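Working notes, structure below.
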Amino acid sequence: MNNYYPFINTPLPYAYNALEPYIDEKTMHLHHDRHLQTYIDNLNHFLEENPALQKYSLEELLASWCRLPCHLQAPLRNNAGGVYNHRFYFDSMRPHRRENFFQSNDSRRITDDCEPKVRSDPSARLFREMARQFGSPENFRTQFKEAALSVFGSGYAWLVSDSGRLKIVTSSNQNTPMLHSRTLLLNIDVWEHAYYLKHYNLRAVYIDDWFRVVNWEKAGERFGR
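Counting from 1, one number per residue, gives the positions in the sequence shown under the UniProt record's numbering.
Encoded structure:
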């Protein structure tokens, strides 16, 4: 993935319509090709005007914005965060699979019966930790949904690992919890542009649909690092 200036808008890891019917194709086009592209263009323009910062990676830029002169902090934080958070969001999803553990109406518990199906899957350890730390994967899902609904205005809800302890955190606008030495596992974008074309103002329905396309293997790989 392109991680240094000049930044480019790398393709989605799946087709624009691959998340249908849960995340619609038109939203994916607008979200990736216009919203993310705008953050990339703005970040490149900012770095063009501040060439001393061009040598830093995206993560290094996010880690250093608070040490810059005050008039440079907000444009770097907002645009570098917009690039990072959107890339992470798109990479946290995949086409729906029937065996997804989190169905919107009938979540499945991790039991001895279904454990063999996931033993070789990188998400298996993550699901076991969810069951251990939240009581059950369903409890995690409920708490994560509540956190995502609690974001006032625009922002994200995240699942993170803090030295192996799973935590649900939220961030406003384009802030990111990566600045707090946590391992980021997955996120959901709750800016209205992420869901309004299909779900209108029904953020709760969007969250339920998002759970059907979460890339748990990717989250498990991140957790295992």
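Glycine included, each C-beta is placed from N, C-alpha and C at the ideal position. Please read all numbers here as calculations on a predicted model, not as lab measurements.
In the three-state reduction of the DSSP assignment, methionine 1 falls in the coil class, being assigned neither a helical nor a strand state. Judged by their CB atoms, alanine 80 and leucine 43 are nearer to each other than the 7 Å cut-off. Residue environment for glycine 155: buried (at least 16 other C-beta atoms within 10 angstroms of its C-beta). Contact between the stretch 136-152 and the stretch 183-203 is present: 3 or more CB-CB pairs across the two stretches fall below 8 Å. Contact annotation: histidine 35 and leucine 12 have beta-carbon atoms that are not nearer than 7 Å. Distance from the Cα of proline 6 is smallest, within the candidate group Val83, Leu30, Lys218, for Val83. Counted as a single uninterrupted DSSP element, the alpha helix (DSSP H) harbouring serine 64 occupies residues 58-64. Boundaries of the beta strand (DSSP E) around aspartate 162: 155-162. Contact check for serine 57 against tyrosine 4 passes: the beta carbons are separated by less than 7 Å. If the five residues before and after histidine 199 are omitted, its C-beta is found closer than 7 Å to the C-beta atoms of Val205, Tyr206, all from its own chain and listed in chain order.
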